[in-house]
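Asks: Its first residue numbered 1, the sequence shown is counted upward by one per residue in UniProt numbering.
In this text, a Cβ means the ideal position worked out from N, Cα and C, and glycines have one as well.
No experiment lies behind these values; they were computed from the predicted model shown.
Dumping the structure here so I can ask a few things about it.
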Amino acid sequence: MRYSSYTWLAINEGLKSAENLALRGILITPACYLCQNEDESSSHMFFQCPFSFSILHSLLPDVRGFLLRPNLLQLFEHFEDCQSIEGAECNFCYFVICCTLYFLWRERNDRRYGGKYSTIHTLCHKISMAITAKVSKWKYFDKLQKAFPNCFFWRNYHQAENFDIPRQ
Ligand SMILES: [Zn+2]
Numbered sequence: 001m002r003y004s005s006y007t008w009l010a011i012n013e014g015l016k017s018a019e020n021l022a023l024r025g026i027l028i029t030p031a032c033y034l035c036q037n038e039d040e041s042s043s044h045m046f047f048q049c050p051f052s053f054s055i056l057h058s059l060l061p062d063v064r065g066f067l068l069r070p071n072l073l074q075l076f077e078h079f080e081d082c083q084s085i086e087g088a089e090c091n092f093c094y095f096v097i098c099c100t101l102y103f104l105w106r107e108r109n110d111r112r113y114g115g116k117y118s119t120i121h122t123l124c125h126k127i128s129m130a131i132t133a134k135v136s137k138w139k140y141f142d143k144l145q146k147a148f149p150n151c152f153f154w155r156n157y158h159q160a161e162n163f164d165i166p167r168q
C-alpha cells in the first residue's frame with residue numbers, strides 16, 4: 001500500500017530529504033520547505049516541523065498531549081501504549097499518520113520542485129478525502145467517525161485554493 005511504504009522509507013531514512021542527500025554528498029537547499037525555518041530531515045518533517053504538526057493536530061487533536069513535537073517513532077509508540085484506544089482505532093491512527101506523511105512528502109516535493117504551495121487547510125482536506133475513501137469500506141466506519149470526527153470533518157472544507165483533486 002503506497003501510504004505505508006512512504007512511512008517505512010521515512011523510518012529507514014530512505015526518503016531523499018536534504019539531510020539524507022547530504023550524507024551521500026548531494027547538496028540541495030537544506031531548509032525545510034514546509035516551515036522555511038529549520039533544516040530538513042525525516043524526523044523534522046515527521047512531525048517535529050510546526051507545519052506538519054499543525055496538520056497532524058488538526059486531524060488527531062490528541063497529539064496536543066506531547067510536551068515536545070514527536071518524531072515518527074515516538075508517535076507510533078504513543079498510540080501503541082495508549083490504553084484508551086483499542087485494536088481497530090489503533091490501526092486507524094496508524095493509517096492516518098501514514099496518509100498524512102504521504103501527503104506531506106508530496107507537498108514538500110510540489111513546493112521544492114514545482115513551486116506549488118497548498119495551505120494547511122487544503123492539505124487537511126486532501127488527507128480527509130483520502131482517509132474517507134479508504135475507511136468507508138471498513139467495518140467500524142461509523143464508530144471511527146464518532147471517535148475521530150476531525151479526520152472526517154475536513155473533507156467538507158471547500159475553499160477555492162489550489163485544489164487539484166475533483167470535488168464531490
Ligand atoms: Zn519544517
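Apart from the five residues just before and just after A18, which ones in its own chain have a Cβ nearer than 6 Å to its Cβ?
Replies: Against the sequence shown, residue 18 aligns to sequence position 18. Same-chain partners within the cutoff: I28, P30 and E40.
Asks: If I measure Cβ to Cβ from M45 and keep anything under 7 Å in the same chain, skipping five residues before and after, which residues do I get?
Replies: On the sequence shown, residue 45 is found 45 positions in, with the first residue counted as 1. If we look at M45 and ignore the five residues flanking it on each side, its Cβ neighbours are S17, C32, L34, S52, L104 and R108.
Asks: Please tell me whether V63 and L56 are closer than 8 Å, where the distance is taken between their beta carbons.
Replies: For the purposes of this step, residue 63 is taken as residue 63 along the sequence shown, with counting starting at 1. For the purposes of this step, residue 56 is taken as residue 56 along the sequence shown, with counting starting at 1. Yes, they are a contact pair.
Asks: Which residues have a Cβ closer than 5 Å to any heavy atom of ligand 1, listed in chain order?
Replies: Listed along the chain, these residues meet the criterion: C32, L34, C35 and C49.
Asks: Around the C-beta of L130, are 16 or more other C-beta atoms found within 10 angstroms, so that it is buried, or is it exposed?
Replies: Numbered from its first residue, the sequence shown carries residue 130 at position 130. As written in the sequence, residue 130 is Ala, which differs from the Leu given in the question. With 16 or more other Cβ atoms within 10 Å, it is buried.
Asks: Taking F92 as the reference, which of R111, G65 and Y140 has the closest Cα?
Replies: Here residue 92 refers to the residue found at position 92 when the sequence shown is read from its first residue. That would be Y140, whose Cα lies nearest to the Cα of F92.
Asks: To the nearest whole angstrom, what separates the beta carbons of C98 and T7, a pair I think is in contact under 8 Å?
Replies: Looking up residue 98 in the sequence shown gives position 98. Looking up residue 7 in the sequence shown gives position 7. Right, their Cβ atoms sit about 5 Å apart.
Asks: Do S58 and K150 count as a contact pair if the criterion is CB distance below 8 Å?
Replies: Translated into the one-based positions of the sequence shown, residue 150 becomes position 150. Translated into the one-based positions of the sequence shown, residue 58 becomes position 58. Sequence check: residue 150 is Asn here, not Lys. The answer is yes: Cβ separation under 8 Å.
Asks: I'd like to know whether the C-beta atoms of E125 and Y157 end up nearer to each other than 8 Å.
Replies: Here residue 125 refers to the residue found at position 125 of the sequence shown. Here residue 157 refers to the residue found at position 157 of the sequence shown. As written in the sequence, residue 125 is His, which differs from the Glu given in the question. Closer than 8 Å, so yes.
Asks: State the CB to CB distance for the pair E89 and L15, rounded to an integer number of angstroms; the pair is presumed to be in contact (CB under 8 Å).
Replies: For this step, residue 89 is matched to residue 89 along the sequence shown. For this step, residue 15 is matched to residue 15 along the sequence shown. The pair is not a contact, with the Cβ atoms about 27 Å apart (cut-off 8 Å).
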